[in-house]
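A.B. asks: Below you will find the structure I want to go over with you.
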Amino acid sequence: MNDTPLELLFGILLACLLMSAFFSGSETGMMSLNRYRLRHLRKNHRGARLAAKLLDRPDRLIGLILIGNNLVNILASAIATVIALRLWGDAGIAIATGAMTIAVLVFGEVTPKTLAALHPERIAFPAAYALNALMYVLQPAVWCINRVTNGLLRLFGVDPDRRPDDVLSSEELRTIVGEAGPMIPPRHKRMLLSILDLEEITVDDIMVPRQDIFGIDLAEDDARVIAALRASEHTRVLLYREDIGNVQGILHLRTVSSFVHGERLDREAMQRAATDPYYVPEGTPLHTQLLNFQKLKRRIGIVVDEYGSVRGLVTLEDILEEIVGEFTSNIGNQSPEIVAQPDGSYQIDGGTAIREINRSLHWELPVDGPRTLNGLIVEHLETIPEAHVGMRIGRYHFEILELQGKVIQKVLARRARHA
62 MNDTPLELLF
72 GILLACLLMS
82 AFFSGSETGM
92 MSLNRYRLRH
102 LRKNHRGARL
112 AAKLLDRPDR
122 LIGLILIGNN
132 LVNILASAIA
142 TVIALRLWGD
152 AGIAIATGAM
162 TIAVLVFGEV
172 TPKTLAALHP
182 ERIAFPAAYA
192 LNALMYVLQP
202 AVWCINRVTN
212 GLLRLFGVDP
222 DRRPDDVLSS
232 EELRTIVGEA
242 GPMIPPRHKR
252 MLLSILDLEE
262 ITVDDIMVPR
272 QDIFGIDLAE
282 DDARVIAALR
292 ASEHTRVLLY
302 REDIGNVQGI
312 LHLRTVSSFV
322 HGERLDREAM
332 QRAATDPYYV
342 PEGTPLHTQL
352 LNFQKLKRRI
362 GIVVDEYGSV
372 RGLVTLEDIL
382 EEIVGEFTSN
392 IGNQSPEIVA
402 QPDGSYQIDG
412 GTAIREINRS
422 LHWELPVDGP
432 RTLNGLIVEH
442 LETIPEAHVG
452 MRIGRYHFEI
462 LELQGKVIQK
472 VLARRARHA
């Protein structure tokens, strides 16, 4: 070694530092890869496939990289010591130690690892080719090292063969969608997040309340029944007798021609045209109800409580609107129950769902209690209002405009200027 030209020793030292940088960058790059993106890329990218294969056994990969990294670092230290002794004598040992510490930290560790952390795919995919080849060459050494290290882990109660679960929870998936950036359009993000929200929303949150259900009373005379059929804005209507709780069936208006002849009504044909009512237990999650609608080929469900009393009505369209938004074209994308006023306030129907207000106005009214604005105000006042009163709930001001009996019909609402 003393006879080796200094130029050759410096060349070997430089090569060792470059290999140290390669192993350090490869380690960080491989471990920084997004596992889900990697699964997608490996379908059409050979480097991604090799990286995925190496990451299937991270213990072997780490063993390989550390064997290579330690070999080149030790060799570099030895070469640097020889060079320093020949240049500076005994003082060269201290000089070589200090110089190699700085060189390895800067060029062999921090710089390549920072680069790999910032651009893992650019580093990991090309490196996977070299690492895959080295794995075959150093397989015996890697196997021996892994046997020893895995044995030590088992002594501490750690099973090295047990892999961490890559399954995402709904909250983790929600975070991924929310941070997807410009790759996913905002509207698509909202739809994906709305699908995840279906688990937390029940039919009670979106149903049409019992008092707002449009139906046809079969106890009425023919003229009134025919008039109601012609005035209906819905393609399917609920048939009941005397009371909305006494449901007789669901009628599709495309069959009207089969039982309405001029001003004459064929009630028997009308009853045959109606389908049996489909009942939905209150509290059913929306994602479950969506699957039930699909499985049973139904579009309307009548929500009932534990005693069988009708609470409301839910439709397939209501559930789909929770995912994609309103189908109807409303000015400013607001619900027809919410009317903007010139002064920036809003006139809102008392029966409007809290979720609908939050979605239309981007407000944050509480949704863990009453489901309608009427219920929220009554809960806040802790009594049935008897006059037009104003109040503040959280960051929002409300003023009752219209009362009908015990029900709030119209409310003027605005966001408070100072929360």
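Note that the working numbering has the sequence shown beginning at 62, numbered continuously upward.
Note that beta-carbon positions come from the ideal geometry of N, C-alpha and C, so glycine has one too.
(1) What residue does the alpha helix (DSSP H) around Pro-119 start on, and which one ends it?
(2) Can you tell me where the beta strand (DSSP E) holding Asp-266 begins and where it ends?
(3) Measure the C-alpha to C-alpha separation of Phe-217 and Cys-205 and round it to an integer number of angstroms.
(4) Could you compute how far the alpha carbon of Leu-70 sits from the alpha carbon of Ile-144?
(5) If we count the other Cβ atoms within 10 Å of its Cβ and call it buried at 16 or more, is Gln-272 buried or exposed?
(6) For a test of the three-state rule: what should DSSP assign to Asn-353, helix, strand or coil?
(7) Does the distance from the CB of Arg-110 to the CB of Arg-103 come in under 8 Å?
(8) Using the Cβ count rule (16 or more neighbours within 10 Å means buried), how would you classify Met-161?
(9) Helix, strand or coil for Ile-392, going by three-state DSSP, please let me know.
(10) Could you pull out every unbroken alpha helix (DSSP H) segment of at least 4 residues lying fully inside the segment 252–318, listed in chain order?
(11) For a quick check, are the C-beta atoms of Ala-112 and Phe-186 less than 8 Å apart?
(12) I need the straight-line Cα distance from Phe-83 to Val-209, nearest angstrom please.
(13) Report, in whole angstroms, the separation of the C-beta atoms of Val-364 and Glu-343, which I expect to be a contact under 8 Å.
(14) Give me the Cα-Cα distance between Gly-169 and Ala-188, rounded to the nearest whole angstrom.
(15) To the nearest angstrom, how far is the alpha carbon of Ile-73 from that of Ile-140?
(16) Along the chain, which unbroken stretches of the beta strand (DSSP E) at least 3 residues long are found entirely within the segment 369–424?
(17) Relative to the alpha-carbon of Glu-294, which residue among Gly-276, Pro-119, Val-308 and Pro-338 has its alpha-carbon at the smallest distance?
(18) From the DSSP output, in three-state form, read off Ala-334 for me.
(19) Work out the CA separation of Leu-347 and Ser-255 for me, nearest whole Å.
(20) Spatial neighbours of Leu-464 within its chain, please: CB distance less than 6 Å, with the 5 preceding and 5 following residues excluded, ordered by chain position.
(21) Alpha carbon to alpha carbon, how far is Lys-174 from Arg-96? Give it in angstroms, no decimals.
(22) When DSSP labels each residue in this structure, what does Thr-345 get in the three-state scheme?
(23) Any chance you could list the beta strand (DSSP E) runs of at least 3 consecutive residues sitting entirely within the segment 173–259, in chain order?
(24) On the DSSP bridge list, what partners appear for Lys-471?
(25) Any idea if Ser-390 is buried or exposed, counting beta-carbon neighbours within 10 angstroms, 16 or more meaning buried?
C.D. replies: Taking the geometry as given:
(1) 119–149
(2) Counting along the chain, Asp-266 falls outside any beta strand (DSSP E), though it belongs to the alpha helix (DSSP H) covering 264–267.
(3) 19 Å
(4) 7 Å
(5) exposed
(6) helix
(7) yes
(8) buried
(9) Any reading at Ile-392 needs caution, since the residue's pLDDT is 41, under 50, leaving its predicted position unreliable; the model's value is listed next. DSSP places Ile-392 in helix when its eight states are reduced to three.
(10) 264–267 and 283–292
(11) yes
(12) The alpha-carbon atoms of Phe-83 and Val-209 are separated by roughly 25 Å.
(13) Right, their Cβ atoms sit about 5 Å apart.
(14) 15 Å
(15) 8 Å
(16) Fully enclosed beta strand (DSSP E) runs of 3 or longer: 371–376, 399–401 and 407–410.
(17) Gly-276
(18) helix
(19) 11 Å
(20) Taking Leu-464 as the centre and dropping the five residues before and after it, the same chain places no C-beta closer than 6 Å to its C-beta.
(21) Rounded to the nearest angstrom, the two C-alpha atoms are 19 Å apart.
(22) coil
(23) none
(24) Asp-410 and Glu-463
(25) Below a pLDDT of 50, predicted positions are generally treated as unreliable, and Ser-390, at 45, falls in that range; no measurement from the model is reported.
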